[in-house]
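Quick note on the working numbering: the sequence shown kicks off at 71 and runs consecutively.
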Amino acid sequence: MDLSQLDPTVKAQLEAYLQTGIQQAVANLKGEFEEQRVQLQKDHEAERLKLQEEIGQLQSRLAGTSGTIHSTGQASRAPMTPPATQAPSGPVPSAFAASTRAKARKRGQLKGRVSSQTPSPSKRSPSRAQATKKKKRKHQEVEEDEEDAQSSRESTPRPSGSKDSTSVSGAADEAKSAAPYQLRREDVPKEATHVMAALLLHIRILWGLFSSDSVPHDPTQEALKSFARLFSTEASVYQQKTVTEPIISPTLVNITPVSALKSKSRIIAQYRKVEEHILDYMKTFIARYGLKSWCPDLRQTPYSLYNATHRIICIDTFKQGLVAGAYSVAFPRINTTYATNTDLLTKMYDHHVHHYLFGLYTKEIKEPGSVGSKGGLNMVYKNRDRLCKQRRLYIKKNKFPLRYLRLITTETTSDDERDPEGRKRDGQDIYWIKAKAGRSDNATLFIRTLDKRRLNDAKHDPSSRGKERLRLVPPDDMELKPSVLTRLGTGIPLDYYNPTFYNNLSPAVRAKVASCDIVLPHGNMDDLFTKSGEEELTDDTLYEKYRAAFSELYHYVDPDDLADDESSDDEGGDDDDEEEENFFDDDNADGGNEDQEMGEDRDSSMDLDGGVTGAEAGNSGDGSRAQKRRKLSPRNRDRD
71 MDLSQLDPTV KAQLEAYLQT GIQQAVANLK GEFEEQRVQL QKDHEAERLK
121 LQEEIGQLQS RLAGTSGTIH STGQASRAPM TPPATQAPSG PVPSAFAAST
171 RAKARKRGQL KGRVSSQTPS PSKRSPSRAQ ATKKKKRKHQ EVEEDEEDAQ
221 SSRESTPRPS GSKDSTSVSG AADEAKSAAP YQLRREDVPK EATHVMAALL
271 LHIRILWGLF SSDSVPHDPT QEALKSFARL FSTEASVYQQ KTVTEPIISP
321 TLVNITPVSA LKSKSRIIAQ YRKVEEHILD YMKTFIARYG LKSWCPDLRQ
371 TPYSLYNATH RIICIDTFKQ GLVAGAYSVA FPRINTTYAT NTDLLTKMYD
421 HHVHHYLFGL YTKEIKEPGS VGSKGGLNMV YKNRDRLCKQ RRLYIKKNKF
471 PLRYLRLITT ETTSDDERDP EGRKRDGQDI YWIKAKAGRS DNATLFIRTL
521 DKRRLNDAKH DPSSRGKERL RLVPPDDMEL KPSVLTRLGT GIPLDYYNPT
571 FYNNLSPAVR AKVASCDIVL PHGNMDDLFT KSGEEELTDD TLYEKYRAAF
621 SELYHYVDPD DLADDESSDD EGGDDDDEEE ENFFDDDNAD GGNEDQEMGE
671 DRDSSMDLDG GVTGAEAGNS GDGSRAQKRR KLSPRNRDRD
């Protein structure tokens with residue numbers, strides 16, 4: 071119907087009617103909305119009063135409980151638990167308490183029973199009654215520990231899916247669970263280790279931490295305030311990811327270029343292999359959020375809005391670099407398919423930033439300068455370990471007697487020191503070898519002969535890659551700094567030690583640091599690495615040949631001749647009480663390249679204390695070794 075054809079009067083009446091209807095409808099809607107608003111306000115007020123009443127009741131209960139504690143003379147600052155979830159009264163033994171009690175008992179036994187002198191040859195073995203009594207005591211102690219652990223499991227709620235271990239060792243493992251945001255070795259797929267290494271390098275580039283002892287720093291107050299003005303919700307942070315125009319110019323973002331770094335550290339060497347185009351992308355992405363530098367705030371919670379933004383920046387730029395091949399030169403075996411696994415990358419990020427680097431940050435706050443000192447020690451130990459692996463690999467590849475491996479551990483490897491004047495030979499820096507305290511002349515000759523053959527072969531081996539550092543024996547008149555790592559290895563063959571050095575150690579230490587093995591061809595050291603002469607003798611034959619002479623030279627201590635405890639705890643501290651060493655830090659941040667180059671030798675050849683496995687020992691088993699210990703023991707020295 072064409073309204074223009076209507077009579078003007080009718081048209082005016084119709085428009086007035088429509089206007090009135092619209093106004094009435096709007097008024098009705100406003101009334102309904104107002105009624106709903108008032109009702110919601112009443113409901114909220116009622117709910118608030120109800121919650122306030124419940125809080126008051128709870129506070130009254132807590133105040134009553136606190137008064138009871140004060141009246142009974144107990145600590146008034148003990149943590150309170152609401153009645154609904156309050157733990158049973160009385161002390162509740164825990165797995166940690168069980169483990170700690172066992173360690174304290176062992177340390178007490180060690181300090182109270184170990185003699186300060188060599189066991190006398192006339193010392194008699196414990197009687198059968200004493201042995202039976204000892205067995206019963208040990209059995210009772212184990213039962214007590216198991217009862218403590220079981221009581222702890224029954225009284226302490228556990229997360230769903232956790233394992234219910236029934237052994238004391240299992241309880242101890244539960245007590246030593248992973249720290250927050252920490253990844254264990256089993257949490258990371260083997261093929262993702264290079265991705266984890268590249269992510270740590272990515273974080274170091276963003277943060278400007280270019281040495282293993284670099285400590286994370288706090289962001290400036292200006293940066294925190296500027297971010298707070300720009301972003302107040304998670305939605306605004308995520309929305310900013312898609313914005314193409316950055317808040318500030320990318321040229322204002324500070325990322326240290328590799329050209330400005332003069333150090334020769336491994337971290338910087340890896341940085342030099344990173345494609346430069348990823349740095350421009352990093353700057354652009356950081357500039358989107360108005361930040362002039364990438365700097366998480368370790369004083370805040372890991373998932374605060376500020377730290378969550380830094381996590382987004384790091385992971386998104388790392389994904390881009392991974393797909394674009396920015397890290398393929400530094401990490402040739404990197405698996406780029408993990409660029410889509412955001413969940414795993416987030417866990418890796420949290421491990422690196424909020425576990426590993428956060429640990430350095432807090433340690434430096436508590437003990438200023440401690441991180442740099444420990445970093446230096448770690449590097450010395452890592453250099454030792456690397457050289458130890460190369461020596462062991464050479465012996466195994468060339469099928470020399472496996473008993474030689476018992477002489478080569480990280481603890482028996484010498485340190486070295488760069489020439490103080492910076493001298494070089496054939497373009498290589500010179501490192502002077504430090505004398506190894508307590509090592510016998512024959513053991514030193516063995517090591518030097520091994521290295522001479524190994525390095526000479528490496529010159530002609532077509533598969534050899536790179537060069538080792540140039541290590542030379544210093545002149546007699548050169549004074550070097552003493553080694554900072556002086557701890558001896560455990561169970562090292564007896565002929566490794568200088569007799570005078572070994573005999574001057576306390577009996578308890580002698581029992582730990584030496585085994586009854588004899589591994590070198592002492593009759594003719596020219597037989598070394600010739601597969602002839604004494605080198606062809608079996609372990610037992612070589613041992614019997616030199617047993618009499620060694621029993622006179624060395625005051626060997628059989629561990630069974632000492633007190634009747636199994637503890638090997640040092641009086642200076644217990645390694646088990648220390649936090650588990652981070653399985654992935656700057657010492658192995660090459661993503662496992664070194665281990666892969668060594669093949670299977672690392673895991674198959676060295677056990678936890680630096681010794682060798684049973685397959686490499688080449689002896690007749692525990693019974694044969696026990697017989698050797700008895701023959702070398704002081705009380706049997708005069709019987710043969």
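Using N, Cα and C, we set each Cβ at its ideal position, and we do this for glycine too.
Pair within 8 Å by beta-carbon distance, residue i and residue j
i: threonine 379; j: tyrosine 359; result: yes
i: lysine 504; j: aspartate 485; result: yes
i: threonine 406; j: leucine 392; result: yes
i: valine 344; j: alanine 400; result: yes
i: serine 585; j: glycine 559; result: no
i: alanine 513; j: tyrosine 426; result: no
i: arginine 13; j: proline 563; result: This structure leaves residue 13 out entirely; the chain is present only between 71 and 710.
i: leucine 368; j: proline 250; result: no
i: threonine 354; j: proline 320; result: yes
i: leucine 331; j: isoleucine 325; result: no
i: tyrosine 431; j: glutamine 390; result: no
i: valine 323; j: alanine 357; result: yes
Per DSSP, the bridge partner or partners of residue i
i: lysine 494; result: Asp499
i: tyrosine 613; result: For tyrosine 613, which the question treats as bridged, DSSP gives no partner whatsoever.
i: aspartate 486; result: Ile503
i: tyrosine 567; result: Arg509
i: serine 585; result: Pro563
i: arginine 541; result: Tyr501
CA-to-CA distance, residue j to residue i, given in whole angstroms
i: valine 423; j: isoleucine 273; result: 8 Å
i: glutamate 104; j: aspartate 113; result: 14 Å
i: glutamate 304; j: leucine 415; result: 20 Å
i: asparagine 98; j: valine 108; result: 16 Å
i: histidine 625; j: tyrosine 572; result: 8 Å
i: histidine 264; j: valine 258; result: 11 Å
i: valine 450; j: lysine 417; result: 30 Å
i: lysine 529; j: arginine 539; result: 14 Å
i: alanine 581; j: valine 627; result: 5 Å
i: threonine 519; j: phenylalanine 470; result: 13 Å
i: asparagine 663; j: isoleucine 404; result: Note that asparagine 663 scores a pLDDT of 42, beneath 50, so its modelled location is shaky; the value from the coordinates is reported in the next line. Taking the straight line from one Cα to the other gives about 10 Å.
i: aspartate 531; j: leucine 463; result: 14 Å
i: histidine 347; j: arginine 541; result: 39 Å
i: glutamine 309; j: phenylalanine 297; result: 15 Å
i: arginine 254; j: lysine 433; result: 21 Å
i: valine 554; j: glutamate 481; result: 12 Å
i: valine 80; j: alanine 86; result: 10 Å
Neighbourhood of residue i by C-beta distance below 7 Å, restricted to the same chain and skipping five residues each side
i: threonine 616; result: A small fix is needed here, since residue 616 is tyrosine in this sequence, not threonine. For tyrosine 616, where only same-chain residues beyond five positions count, the Cβ hits under 7 Å are Ile588, His592.
i: lysine 494; result: Ile500
i: tyrosine 419; result: Leu269, Arg381, Cys384, Ile385
i: valine 83; result: A quick correction: the sequence has glutamine, not valine, at residue 83. For glutamine 83, where only same-chain residues beyond five positions count, there are no Cβ hits under 7 Å.
i: glycine 603; result: Pro591, Asn594, Asp597
i: lysine 551; result: Glu487
i: tryptophan 502; result: Asp486, Glu487, Asp489, Leu542, Pro544, Met548, Leu550
The ligand MG heavy atom lying under 7 Å from the CB of residue i
i: isoleucine 478; result: For the ligand MG, the structure offers nothing, since it holds no ligand at all.
Outcome for residue i when other beta-carbon atoms lying within 10 angstroms are tallied against a minimum of 16
i: histidine 421; result: buried
i: serine 510; result: buried
i: aspartate 631; result: buried
i: glutamine 340; result: buried
i: arginine 473; result: buried
i: threonine 611; result: exposed
i: tyrosine 408; result: buried
i: leucine 88; result: exposed
i: glutamate 17; result: Given a span of 71 to 710 for the chain in the structure shown, any question on residue 17 remains unanswerable.
i: asparagine 468; result: exposed
i: arginine 461; result: buried
i: threonine 479; result: buried
i: glutamate 315; result: exposed
i: alanine 248; result: exposed
i: leucine 271; result: buried
i: aspartate 77; result: exposed
i: aspartate 609; result: buried
Contacting residues, own chain, Cβ-Cβ under 6 Å from residue i (five flanking each side not counted)
i: threonine 483; result: Arg454, Leu457, Cys458
i: serine 335; result: Ser281
i: alanine 262; result: Tyr408
Beta-carbon contacts of residue i that lie in its chain and below 8 Å, excluding the five residues immediately before and after
i: glutamine 370; result: Tyr376, Asn377
i: alanine 293; result: Leu361, Lys362, Ser363, Cys365
i: valine 579; result: Leu558
Neighbour flag for residue i against chain C, beta carbons, 8 Å
i: aspartate 283; result: Here there is only one protein chain, and chain C is not present.
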